[in-house]
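Visitor: Converting from the sequence shown to the numbering used here requires adding 1 to each position, the first position being numbered 1. Beta carbons: idealized from backbone N, C-alpha and C, even for Gly.
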Amino acid sequence: MSFNDTSSRKITIADVAALAGVSRAIASRALSPEERPVSAEKKARVLAAAEQLGFKPNLIARSLKSRTLNLVAVVVNHIHDFSDLVLFDRLIAAIQDTGKQVVLLRVGSLDRVEEFLRNGVAWHVDAALVFSDFADAATVRTMFRNDRVVMLNGMRDANAPSIVADEATPIAAAVAHARARGKTRAVLVTGRQTSPVEQARIAAYRAALAAQGLALLAEHVGDYSYESGRSLSAAVLREGPEAAIFATADAMAMGVIDAGRADIARKPGDWAFYGFDALPLARSEAYPISSIGYDLEAYIARVIEHLRQPELFERPAGVITIPGSFMPHPSCGGPAAFERWPAEG
2 MSFNDTSSRK ITIADVAALA GVSRAIASRA LSPEERPVSA EKKARVLAAA EQLGFKPNLI
62 ARSLKSRTLN LVAVVVNHIH DFSDLVLFDR LIAAIQDTGK QVVLLRVGSL DRVEEFLRNG
122 VAWHVDAALV FSDFADAATV RTMFRNDRVV MLNGMRDANA PSIVADEATP IAAAVAHARA
182 RGKTRAVLVT GRQTSPVEQA RIAAYRAALA AQGLALLAEH VGDYSYESGR SLSAAVLREG
242 PEAAIFATAD AMAMGVIDAG RADIARKPGD WAFYGFDALP LARSEAYPIS SIGYDLEAYI
302 ARVIEHLRQP ELFERPAGVI TIPGSFMPHP SCGGPAAFER WPAEG
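#1: Helix, strand or coil for residue 280? Go by DSSP, reduced to three states.
#2: On a CA-only basis, which of 319, 315, 248 is nearest residue 291? Give me that one, please.
#3: Is there at least one non-hydrogen atom of the ligand MN closer than 7 Å to the beta-carbon of residue 324?
#4: Thinking C-alpha only, which one of 201, 215, 317 is nearest residue 162?
#5: Compare the C-alpha of residue 77 against each of 137, 125, 127, 200 and name the closest.
#6: Three Cβ pairs or more, each shorter than 8 Å: is that satisfied between the segment 273-280 and the segment 248-260?
#7: Tell me which residue opens and which closes the alpha helix (DSSP H) that residue 88 is part of.
#8: What three-state label does DSSP hand residue 11 in the structure shown?
#9: Could you give the DSSP three-state label for residue 158: helix, strand or coil?
#10: May I ask you to list the residues that DSSP assigns as paired with residue 102?
#11: Please check the pair residue 218 and residue 188, which I expect to be a contact at CB under 8 Å, by giving their CB distance rounded to whole angstroms.
#12: Per DSSP, what are the beta-bridge partners of residue 130 in this structure?
#13: So does the segment 16-27 actually touch the segment 43-58, counting three or more Cβ pairs closer than 8 Å?
#14: In chain order, what residues of the same chain have a beta carbon less than 8 Å from the beta carbon of residue 319, not counting five sequence neighbours either side?
#15: For residue 294 and residue 308, what's the separation of their Cα atoms in angstroms?
#16: Considering Cα atoms alone, identify which of 38, 145, 185, 158 is closest to residue 321.
#17: Can you tell me which of the three DSSP states residue 61 falls into?
#18: List the whole-angstrom C-beta distance separating residue 234 from residue 214, where the pair is believed to meet the contact cut-off of C-beta under 8 Å.
#19: Assuming residue 289 contacts residue 330 (C-beta within less than 8 Å), just tell me the rounded distance between them.
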């Protein structure tokens, strides 16, 4: 057969294998997005043949044999604040670098989880990454009929690895920083208090404030969003610049600042704002927010490690902790304090 004769019909992997001078099995392994055993020389021949013939792998047909579409489910409550955008942009890019694609499932409530279960959600996914605190590991295993579940919501499960950031240490450092600035009172702005992650943050703040002798004057509940910070601004700023303001999300602190700029402008150097998430915007002069963050690249690397090495799910590693850091704003800590901030973009 002349390979020029393929122009009138659909190109198959058999055509690629014949042109490359290899078996169909070797051609299939060479074209797989996963790491499969094949020599570099044969893989190069197969890729060159596929490009010459214009061959496009049929992912659906492949899935019927492998029972997967090289998909990873990412289960979230929502994506509505700046920290979500930074995290998920980098996480999705890292997942795609493994040759897989993402199914993004927005849960948002317990009712939605029950709806997914009733409808029999059963994508053939390689793994599920759970950010939503409305879904426990057992539920997600049922939803996807898959035991490869990574818990990223603060929940613990004996059969699933959990990846968390150390937040207590940088929270203690942030409160100590406020005390060193002469603050003896504090206001706390929190997110949804039913979240296990948020519960741990609130407990860490209360313990740190007590240890440093700062009186907690009030707690205001938002939802991590900029809009909730704006709506709470008047109540948060009511105590005046004598109280340090701690928010469990940079976006909420930004909303507080923007809605209260008239009050803040009267004594701009006296206010002390502390946030969470280490957003690039919090470095700016417009938002004098000292923040708490963690090594996002290390966090994502541990997630990707489980996608590349499925055998890790056979013996879950328990809780994997990523170190956190407190980073003062340049206006009070100097530019060097930001050397560990995540790169912008």
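Guide: This is what the structure gives:
#1: coil
#2: 248
#3: The model on display carries no ligand, and the ligand MN is accordingly not part of it.
#4: 317
#5: 137
#6: yes
#7: 83-98
#8: coil
#9: strand
#10: 72
#11: 6 Å
#12: 75, 151
#13: yes
#14: 162, 163
#15: 24 Å
#16: 158
#17: Only weak support exists for where residue 61 lies, its pLDDT of 47 falling under 50; the coordinates are left without a value.
#18: Their Cβ separation, rounded to whole angstroms, is 27 Å, which puts residue 234 and residue 214 out of contact at 8 Å.
#19: 5 Å
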